[in-house]
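Comments concern the structure below.
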């Protein structure tokens, strides 16, 4: 069992510049009938608490031919890693991420890239991504990805994000989550799917978050990600 502020290390080729622990992350599924109620509670208790209250989050995830990164999620492995690019509008991607998770603990590499765009249903290829500046984090992400072999576009996940803050907590409500297959990526059974639920996430340095409205929200905590949920739907698998 992890203790408060216990350091988490994942040996995936990371160098010592990466903090071994950034925050704990907790996720809750929100059935659609409860969405309005949850939004009202968040607005009442912590509304207008983040300078960037709402906006689109648009991500493309990458995986190898064996889908080893998806397999880490499906197998419930305590340690897993994801590679993605991210943007904040419909079609422009401006950041590259490597997200590293051990149980509830999360650490991350992040770097700005030269902006890239989708061409129709084709995603930017991993090998074509370029750093916007001479950023060692970008090179570290590329080096770490190399250990998994060539990466291909896996899935595009897009949603509307509401952002809140309370104490050291960063709280996000991700709504209308859409998953898209990519014509130049790994094959999927479907081209498009919309998740039937929404996702509330809490990020904090505390091992067990306590918020004033916790007892008012009857939600189920989950460990799986939007990446995995979206692929389950696109691959015609039960969630």
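Residue numbers (my numbering): 199 to 437. Cβ atoms here follow ideal geometry from the backbone N, Cα and C, with glycine treated the same way.
Burial state of residue i (16 or more Cβ within 10 Å)
i: residue 394; result: exposed
i: residue 427; result: buried
i: residue 334; result: exposed
i: residue 425; result: buried
i: residue 435; result: exposed
i: residue 450; result: What is shown of the chain runs 199 to 437, which leaves residue 450 out entirely.
i: residue 320; result: exposed
i: residue 263; result: exposed
i: residue 285; result: buried
i: residue 299; result: buried
i: residue 261; result: buried
i: residue 281; result: buried
i: residue 279; result: buried
i: residue 331; result: exposed
i: residue 343; result: buried
i: residue 322; result: buried
i: residue 388; result: exposed
Residue i (DSSP reduced to helix, strand or coil)
i: residue 242; result: helix
i: residue 273; result: coil
i: residue 281; result: strand
i: residue 342; result: helix
i: residue 303; result: strand
i: residue 250; result: coil
i: residue 334; result: helix
i: residue 383; result: coil
i: residue 286; result: coil
i: residue 325; result: helix
i: residue 313; result: strand
i: residue 233; result: helix
i: residue 319; result: coil
i: residue 220; result: coil
Spatial distance of residue i from residue j (CA atoms)
i: residue 401; j: residue 223; result: 5 angstroms
i: residue 225; j: residue 421; result: 7 angstroms
i: residue 346; j: residue 365; result: 38 angstroms
i: residue 314; j: residue 292; result: 7 angstroms
i: residue 232; j: residue 396; result: 9 angstroms
i: residue 249; j: residue 415; result: 24 angstroms
i: residue 372; j: residue 384; result: 25 angstroms
i: residue 362; j: residue 254; result: 15 angstroms
i: residue 391; j: residue 398; result: 19 angstroms
i: residue 340; j: residue 297; result: 13 angstroms
i: residue 274; j: residue 305; result: 18 angstroms
i: residue 377; j: residue 367; result: 27 angstroms
i: residue 360; j: residue 239; result: 13 angstroms
i: residue 433; j: residue 276; result: 23 angstroms
i: residue 406; j: residue 417; result: 16 angstroms
i: residue 351; j: residue 411; result: 39 angstroms
i: residue 419; j: residue 227; result: 7 angstroms
i: residue 257; j: residue 290; result: 10 angstroms
i: residue 382; j: residue 327; result: 15 angstroms
Residue range of the unbroken beta strand (DSSP E) whose run includes residue i
i: residue 374; result: 367-378
i: residue 392; result: 390-392
i: residue 262; result: From DSSP, residue 262 is part of no beta strand (DSSP E); its letter is neither H nor E.
i: residue 352; result: 350-364
Could you give the uninterrupted runs of the alpha helix (DSSP H) lying entirely in the segment 403-436, keeping only those of 4 residues or more?
Along the segment 403-436, the alpha helix (DSSP H) occurs as fully enclosed runs of 4 or more residues at 424-432, listed in sequence order.
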